[in-house]
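Undergrad:
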Amino acid sequence: MASRYIVKRSFSSQLMRVLAPSNTMPLNAQRANSVGVDSSINFSINTSSGTEHESNMKAIDLALTTPRPLNSWTKDQIREIYNTPLMELVFQSQIQHRKYHNPQEVQLCTLLSIKTGGCTEDCKYCAQSTRYDTGTKAEKMISIDEVMKAARTAKANGSTRFCMGAAWRDMTGRKSGLKRISQMVTQINEELGMETCVTLGMVDKKQAADLADAGLTAYNHNIDTSREHYPKVISTRSYDERLQTIKNVQDAGIKACTGGILGLGETEEDHIGFLYTLSTMEKHPESLPINRLVPIKGTPMEKEISSLPRESGRRLKFEHILKTIATARLIMPESIIRLAAGRYTMKEHEQFLCFMGGCNAIFTGEKMLTTMCNGWDEDIEMLKKWGLRPMKSFNKSNMPATQALKTSIKPNIEQATEKISEASVGN
Numbered sequence: 001m002a003s004r005y006i007v008k009r010s011f012s013s014q015l016m017r018v019l020a021p022s023n024t025m026p027l028n029a030q031r032a033n034s035v036g037v038d039s040s041i042n043f044s045i046n047t048s049s050g051t052e053h054e055s056n057m058k059a060i061d062l063a064l065t066t067p068r069p070l071n072s073w074t075k076d077q078i079r080e081i082y083n084t085p086l087m088e089l090v091f092q093s094q095i096q097h098r099k100y101h102n103p104q105e106v107q108l109c110t111l112l113s114i115k116t117g118g119c120t121e122d123c124k125y126c127a128q129s130t131r132y133d134t135g136t137k138a139e140k141m142i143s144i145d146e147v148m149k150a151a152r153t154a155k156a157n158g159s160t161r162f163c164m165g166a167a168w169r170d171m172t173g174r175k176s177g178l179k180r181i182s183q184m185v186t187q188i189n190e191e192l193g194m195e196t197c198v199t200l201g202m203v204d205k206k207q208a209a210d211l212a213d214a215g216l217t218a219y220n221h222n223i224d225t226s227r228e229h230y231p232k233v234i235s236t237r238s239y240d241e242r243l244q245t246i247k248n249v250q251d252a253g254i255k256a257c258t259g260g261i262l263g264l265g266e267t268e269e270d271h272i273g274f275l276y277t278l279s280t281m282e283k284h285p286e287s288l289p290i291n292r293l294v295p296i297k298g299t300p301m302e303k304e305i306s307s308l309p310r311e312s313g314r315r316l317k318f319e320h321i322l323k324t325i326a327t328a329r330l331i332m333p334e335s336i337i338r339l340a341a342g343r344y345t346m347k348e349h350e351q352f353l354c355f356m357g358g359c360n361a362i363f364t365g366e367k368m369l370t371t372m373c374n375g376w377d378e379d380i381e382m383l384k385k386w387g388l389r390p391m392k393s394f395n396k397s398n399m400p401a402t403q404a405l406k407t408s409i410k411p412n413i414e415q416a417t418e419k420i421s422e423a424s425v426g427n
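For the sequence shown, full-length UniProt numbering assigns the number 1 to the initial residue and increments by one for each residue that follows.
#1: Grouping DSSP H, G and I as helix and E and B as strand, with all else coil, what is Gln351?
#2: Report back the beta-carbon spacing between Thr258 and Ile223 to the nearest angstrom; my notes put them in contact at under 8 Å.
#3: In whole angstroms, what is the alpha-carbon distance linking Val294 and Leu64?
#4: With a Cβ-Cβ cutoff of 8 Å, do Thr236 and Thr134 count as a contact?
#5: Scan the region 265 to 352 and note each continuous alpha helix (DSSP H) run of 4 residues or more that stays entirely inside, going in chain order.
#6: From this set, Pro231, Val198, Asp204, which residue's C-alpha is nearest Gly215's C-alpha?
#7: Could you work out which residue in Cys119, Glu139, Ser306 is closest to Thr130 when comparing CA atoms only?
#8: Looking only at its chain, what residues have a beta carbon closer than 7 Å to the beta carbon of Glu302, apart from the 5 residues adjacent to it on each side?
#9: For Met141, tell me which candidate among Ser159, Gly165, Cys126 has the shortest Cα-Cα distance.
#10: Would you give the residue range spanned by the beta strand (DSSP E) that Ala256 belongs to?
#11: Since Thr110 and Gly365 should fall inside the 8 Å C-beta cutoff, what is the C-beta to C-beta distance between them, to a whole number of angstroms?
#12: For the 8 Å Cβ check, are there 3 or more pairs between the region 247 to 262 and the region 305 to 313?
#13: When DSSP builds the beta bridges, which residues end up paired with Ile362?
#14: Lys205: buried (16+ other C-beta within 10 angstroms of its C-beta) or exposed?
#15: For Trp73, which residues in the same chain have their Cβ closer than 7 Å to its Cβ, ignoring the five residues on either side in sequence?
#16: Please go through the region 89 to 164 and give each complete beta strand (DSSP E) segment of 3 or more residues, from N-terminal end onward.
#17: Between the alpha carbons of residue 486 and Ile114, how many angstroms are there, rounded?
#18: Using the Cβ count rule (16 or more neighbours within 10 Å means buried), how would you classify Phe363?
#19: Starting from Glu241, trace the beta strand (DSSP E) both ways and give me its first and last residue.
#20: Taking the alpha-carbon of Cys123 as reference, which of Gln351, Thr84, Ala167 has the nearest alpha-carbon?
Here it is, written out as structure tokens:
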């Protein structure tokens with residue numbers, strides 16, 4: 001049986017001291033090399049089969065050493081990672097983040113509601129449902145000129161992904177609407193060179209193909225929460241219908257943007273179930289938005305959350321958000337994790353911890369769909385303070401960083417291993 005090599009963290013730290021980045025090493029390799037080793041480069045001998053070895057490893061070690069992202073995670077493994085002491089969890093998630101992404105870059109995304117209100121769904125948290133008295137009125141779709149004006153403003157302020165949302169259950173019978181939205185996507189692509197994302201409710205394979213033809217970068221369709229908690233939040237659209245829409249857009253060649261909302265009266269076990277659904281998809285989401293519930297007056301969810309006892313296990317704490325983000329980074333390392341709605345309720349140090357845990361995108365601008373949003377100037381100033389910078393459109397740095405690490409240190413592995421062995425013998 002062929003031997004495989006696995007990095008132990010203690011061994012990895014010794015190895016990194018020997019392979020300290022030099023001025024001749026590619027920049028991406030220096031960044032990745034500063035905290036950990038690419039898991040696809042093999043080190044210490046293990047003669048067990050892959051399946052046997054994975055089942056015997058600690059889940060967090062498996063996440064850090066697997067040569068490619070896994071979609072075979074079990075709930076027990078995810079629970080083990082999620083329940084890692086928080087300091088250790090965030091530390092390890094930052095190592096994982098630096099292996100797959102440039103740690104100095106954060107994508108700025110801007111969201112525009114192109115058709116507000118009038119949705120027939122019964123999502124308990126949503127201000128746009130016709131079933132609740134929230135003060136949100138149904139409006140017609142805005143013009144392409146209005147969309148382009150907003151997109152130009154977003155780009156001028158540093159945003160590189162422009163997202164458009166319409167309050168619909170699905171796109172059935174909306175051929176003219178789909179055509180107009182496709183025109184918006186194409187014009188933004190051609191004129192501004194921005195990434196585009198839309199969220200229009202459920203779409204079938206043909207509608208997804210039409211959006212792909214228009215040049216759409218990503219399609220947002222959140223799963224919201226765990227499969228178990230979902231029926232307590234929504235009854236007019238099934239969990240599997242959401243998953244089918246995600247599959248439809250992925251099959252069309254569009255990147256999936258799918259995440260959820262934390263604070264819907266769920267438990268931490270639901271956070272684990274939520275991550276389980278996402279991490280076991282055939283293709284991990286390209287983008288994983290994490291929303292913090294903003295209770296909207298007039299919605300059932302606002303009443304339910306306000307009635308929960310202060311110490312209830314169903315009340316969301318910031319540490320739950322951080323644990324969810326850090327676990328997501330470890331088990332879905334290639335995904336861009338986006339802080340979305342509700343970020344304005346977080347203190348600056350809490351946002352900082354989210355970035356330490358693996359977030360690398362934020363929604364910024366004038367507003368979200370119906371809730372407040374941090375502004376561009378405020379966010380740019382915050383990122384500068386932390387030594388971060390906006391990510392460019394269509395950024396591919398996660399793959400070059402990994403490739404650069406392989407090519408720059410692999411020839412030196414044997415020599416470095418010998419040096420460490422000699423040092424150990426000497427001691």
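Glycine included, C-beta positions come from ideal geometry on N, C-alpha and C.
TA: In terms of the structure at hand:
#1: helix
#2: 6 Å
#3: 34 Å
#4: no
#5: 268 to 279, 300 to 306, 318 to 331
#6: Val198
#7: Cys119
#8: Pro295, Ile296
#9: Gly165
#10: 255 to 257
#11: 4 Å
#12: no
#13: Leu108, Leu339
#14: exposed
#15: Tyr276, Ser279, Thr280, Ile331
#16: 105 to 115
#17: Here the chain covers residues 1 to 427 and nothing more, so residue 486 does not appear.
#18: buried
#19: It is not in any beta strand (DSSP E) - Glu241 instead sits in the alpha helix (DSSP H) that spans 239 to 251.
#20: Ala167
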